[in-house]
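Visitor: My structure is below; once you've seen it, I'll send some questions.
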Amino acid sequence: MEPEQRSCRDRASEAVDTKMIRIPKPIYHAIIEHARKESPAECCGILSGKDGTVQKAFPLENEEKSPVRYLMSPQEQLKVFEEMERESQEMVAIYHSHTHTIPFPSETDVKMAFYPEVFSVIISLKEKHPVVKAFRIGKYAIYPEEIEVV
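Quick note on numbering: this note's numbering labels position 51 of the sequence shown as 51, and the sequence is numbered without any gaps.
This is the structure:
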């Protein structure tokens, strides 16, 4: 089958199957620390970079201040998007924490996944040692993704 004959869903599935997020060790530890600092409320933020490699973390305030939900300020998001544009970066991931549950997208996470092309990184504080997982949340499925700490 020629590439142009494949459906958008087929091409999206292929892209999802081949992607991995690479997070530099200092940023990886910084987002875990952000989760710990904000606990018992969920933390949230944006990771920017290029080609699946994170170059910068933008910790944002959880306007919900809730242990089960997060809400990023539209004004803060706009500032982040403007900075990413100035630095020729793209949004690689949105991250948030789960303070008392496993690192898997909740029903609310799925409903609020407005950027299926970016990774969703979840930091679970349920266990003694935080567990960090990445996903792509599509319209019909949740795809676990690999995280490489570099």
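Cβ atoms here follow ideal geometry from the backbone N, Cα and C, with glycine treated the same way.
Mind checking who Leu-47 pairs with in its DSSP beta bridge?
Guide: For Leu-47, which the question treats as bridged, DSSP gives the partners Ala-57, Ala-93.
Visitor: What would DSSP say about Met-84, mapped onto helix, strand or coil?
Guide: Note: Met-84 maps to helix in three-state DSSP.
Visitor: With C-beta atoms as the reference, is Glu-148 less than 8 Å away from Arg-22?
Guide: Going by C-beta atoms, Glu-148 is nearer than 8 Å to Arg-22.
Visitor: Using DSSP's beta-bridge definition, name the partner residues of Lys-19.
Guide: Paired residues: none, contrary to the question.
Visitor: Could you give the C-beta distance for Ile-142 and Pro-116, rounded to a whole number, given that I count them as a contact under 8 Å?
Guide: Between Pro-116 and Ile-142 the Cβ distance is about 10 Å, and since that is not below 8 Å, they are no contact.
Visitor: Applying the 10 Å Cβ sphere with the 16-neighbour rule, what's the burial state of Tyr-140?
Guide: So Tyr-140 ends up on the exposed side.
Visitor: Considering only residues of the same chain and omitting the five flanking positions on each side of Val-92, which have a CB-CB separation below 7 Å?
Guide: So the qualifying residues of the chain are Ile-21, Leu-47, Ser-48, Gly-49, Gly-52, Val-54, Val-118, Phe-119.
Visitor: Count the other C-beta atoms from every protein chain shown that fall within 10 angstroms of the C-beta of Lys-133, then say buried if there are 16 or more, exposed otherwise.
Guide: Lys-133 should be labelled buried.
Visitor: Is it right to say Phe-135 is buried, meaning 16 or more other beta carbons lie within 10 angstroms of its own, or is it exposed?
Guide: Burial call: buried.
Visitor: Glu-61 and Glu-76 look like a contact to me (Cβ under 8 Å); what is the Cβ gap, rounded to whole Å?
Guide: That pair is a contact at about 7 Å.
Visitor: Enumerate in chain order the residues of its own chain whose CB-to-CB distance from Ala-41 is below 7 Å, with the five nearest sequence positions on each side excluded.
Guide: Hits under 7 Å: Asn-62, Lys-65, Ser-66, Pro-67.
Visitor: Nearest to His-29 by alpha carbon, out of Gly-138, Ile-123, Glu-146, Pro-144?
Guide: Ranking Gly-138, Ile-123, Glu-146, Pro-144 by Cα distance to His-29 puts Ile-123 first.
Visitor: So, at 7 Å on beta carbons, what are the nonlocal neighbours of His-100 in its own chain, with the 5 sequence-adjacent residues on each side left out?
Guide: Pro-67, Lys-126, listed in sequence order.
Visitor: Under the rule that 16 or more other beta-carbon atoms within 10 Å means buried, what is Glu-14, buried or exposed?
Guide: With a pLDDT of only 38 at Glu-14, under 50, the local geometry of the prediction cannot be trusted, and the value read off the model is given with reservation. The residue in question, Glu-14, is exposed, as its Cβ has fewer than 16 Cβ neighbours within 10 Å.
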